[in-house]
Amino acid sequence: MRAAALSEFGSAPEVQDVEIPTPAAGEVLVRVRAASVNGFDLAVANGYLNGMMEHRFPVVLGKDFAGTVEAVGADVGGYAVGDRVFGVVTKSFLGDGSFGEYVTVPSAIGLARIPDGLDFTAAAGLGLAGTAAVDTIDSAAIKSGELVLVAGATGGVGSYVVQLAANAGARVIATAHTADEHEHVTALGAAEIVDYTEDVAAQVREAHPTGVDVVIHLAGDAGALLPAAADGGRFLSTLIGSPDQLPTETLTVLPVMANPTPHTLERLAANQLTGDSVVSVQRVYSLDDFSDAFADFASGTLGKIVISID
Ligand SMILES: NC(=O)c1ccc[n+]([C@@H]2O[C@H](COP(=O)([O-])OP(=O)(O)OC[C@H]3O[C@@H](n4cnc5c(N)ncnc54)[C@H](OP(=O)(O)O)[C@@H]3O)[C@@H](O)[C@H]2O)c1
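With the sequence shown counted from 1, adding 1 to any position gets you this note's numbering.
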């Protein structure tokens, strides 16, 4: 099959022919129709996970996928050949990725059905960013009327978080810089905007001298955002692994690690259909153009970048 893969450490990822994987017990083989780009994929491509996760070369890149079940391994219940599915490749090693024609994934985690009415492009954009957003908002336990700062509101996770926080009744302050970004976050439900190229915490304190109830940190320097939060506030971050990384006497620091359970993925798909919260797809690329997709992701995102796989 054709896949965007890394042949060895230090090499550049390229589209190449690799073996079609075989589903192990508990796995399904998915014929991928669309995938989306996450920061994690760029980190793998750049070799940043060397020493942190086992690499089984060739390492096919990609976490998020949408497609159809091509084959079912032993001990898999609930899925059959032809089912439309989406999710997040969730394995303890790197090697099986979604930027190829086929990928094997466990049926118990990171996999759910695509409901009728949801296309592969949208479904491919939902998985990791949507899960990170849902898990962040669940952990934040936002109460109606609370003031919530979303730093990184323009990205894949942030675009989703802004909608969920607004739906929970929060008054959302979103980071944005360009006119397009302003328009984007406002359409998603942000009530106020701060410019992330200037001091975000100072702008927040100027408008709200006692600070915000909740800071959601998805981009930028976490330490510089601490002063935006009111004493007793919650500080959530997808960028830190432990509260020890952000010492503070006055705030509750909550790291977020996305856990793409079938239930969470089903919630994302349902929200997409009702329109309660939706994935914003900025642009779709072909597999051959995946390096352009990576370059565009790295230079700035407004929602999700999707790769279509014929
Ligand atoms: N812990 C987990 O399980 C988990 C899961 C998913 C993602 N993540 C992490 O969460 C973060 C967000 O993910 P994502 O997929 O949303 O990334 P993304 O799409 O790259 O979004 C980041 C956004 O933040 C904006 N930005 C850049 N610098 C900023 C700053 N100083 N202040 C405010 N906004 C700034 C970027 O704008 P420009 O485009 O204009 O630069 C971009 O729109 C990433 O670091 C990712 O690795 C963690």
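No residue lacks a Cβ here, since even glycine has one placed at the ideal position from N, Cα and C.
Note to self: So, at 8 Å on beta carbons, what are the nonlocal neighbours of residue 183 in its own chain, with the 5 sequence-adjacent residues on each side left out?
What the structure shows: Translated into the one-based positions of the sequence shown, residue 183 becomes position 182. For residue 183, where only same-chain residues beyond five positions count, the Cβ hits under 8 Å are 177, 194.
Next item on the list: Could you name each continuous beta strand (DSSP E) segment of 3 residues or more that falls completely within the stretch 156-242, going from the start of the chain to the end?
Entry: Taking only runs of at least 3 residues, the beta strand (DSSP E) segments lying wholly in the stretch 156-242 are 172-177, 193-196, 213-218, 230-238.
Note to self: Alpha carbons only, please: which of 206, 221, 233 is nearest the one belonging to residue 155?
What the structure shows: Here residue 155 refers to the residue found at position 154 when the sequence shown is read from its first residue. When each option's Cα is compared against that of residue 155, the closest is 221.
Next item on the list: Round the Cβ separation of residue 22 and residue 104 to the nearest angstrom and send it over; I've been treating them as touching at under 8 Å.
Entry: Locating residue 22 in the sequence shown gives position 21, counting from the first residue. Locating residue 104 in the sequence shown gives position 103, counting from the first residue. The pair is a contact, with the Cβ atoms about 7 Å apart (cut-off 8 Å).
Margin query: By the DSSP assignment, the alpha helix (DSSP H) with residue 107 in it spans what residues?
Written below: As a first step, residue 107 must be located in the sequence shown, where it is residue number 106. It is not in any alpha helix (DSSP H) - residue 107 instead sits in the beta strand (DSSP E) that spans 103-107.
Item checked: Counterpart residues of residue 286 in DSSP-defined beta bridges -> Translated into the one-based positions of the sequence shown, residue 286 becomes position 285. Paired residues: 308.
Notebook entry, point to check: Which word fits residue 79, buried or exposed, when buried means at least 16 other C-beta atoms lie within 10 angstroms of its C-beta?
Noted result: Looking up residue 79 in the sequence shown gives position 78. Result: exposed.
Item checked: Closer than 8 Å: residue 229 CB and nearest ligand 1 heavy atom -> Reading the sequence shown from its first residue, position 228 is the one you call residue 229. Taken from the Cβ of residue 229, every heavy atom of ligand 1 lies 8 Å or farther away.
Checklist line | For residue 65, three-class secondary structure by DSSP | finding: Here residue 65 corresponds to residue number 64 of the sequence shown, with the count starting at 1. In this structure, residue 65 counts as strand in the three-state DSSP scheme.
Next item on the list: Flag this pair as touching only if the stretch 138-146 and the stretch 111-127 have three or more C-beta atom pairs under 8 Å; answer yes or no.
Entry: No: the two stretches stay apart, fewer than three of their Cβ pairs being nearer than 8 Å.
Next item on the list: Check whether the Cβ atoms of residue 241 and residue 159 sit closer than 9 Å, and answer yes or no.
Entry: Within the sequence shown, residue 241 is the residue found at index 240, counting from 1. Within the sequence shown, residue 159 is the residue found at index 158, counting from 1. No, the pair does not count as a contact, with Cβ atoms beyond the cut-off.
Margin query: Would residue 62 and residue 6 be called neighbours here (beta carbons separated by less than 9 Å)?
Written below: By one-based count along the sequence shown, residue 62 stands at place 61. By one-based count along the sequence shown, residue 6 stands at place 5. It is a contact, given that the beta carbons lie within the stated cut-off.
Notebook entry, point to check: Does the Cβ of residue 111 lie closer than 8 Å to at least one heavy atom of ligand 1?
Noted result: For the purposes of this step, residue 111 is taken as residue 110 along the sequence shown, with counting starting at 1. No.
Item checked: Option nearest residue 167 by Cα separation, candidates 157, 146, 152, 179 -> Position 166 of the sequence shown, counted from the start, is the residue given in the question as residue 167. Among 157, 146, 152, 179, the Cα nearest to that of residue 167 is on 146.
Margin query: I want to check one thing, is the minimum distance from the CB of residue 182 to the heavy atoms of ligand 1 below 8 Å?
Written below: Along the sequence shown, one-based indexing puts residue 182 at 181. Because some heavy atom of ligand 1 lies under 8 Å away, the Cβ of residue 182 counts as near it: yes.
Next item on the list: Please report how far the alpha carbon of residue 67 lies from the alpha carbon of residue 17, in whole angstroms.
Entry: What you label residue 67 is simply residue 66 of the sequence shown in a count that begins at 1. What you label residue 17 is simply residue 16 of the sequence shown in a count that begins at 1. Cα to Cα, the separation comes out at about 21 Å.
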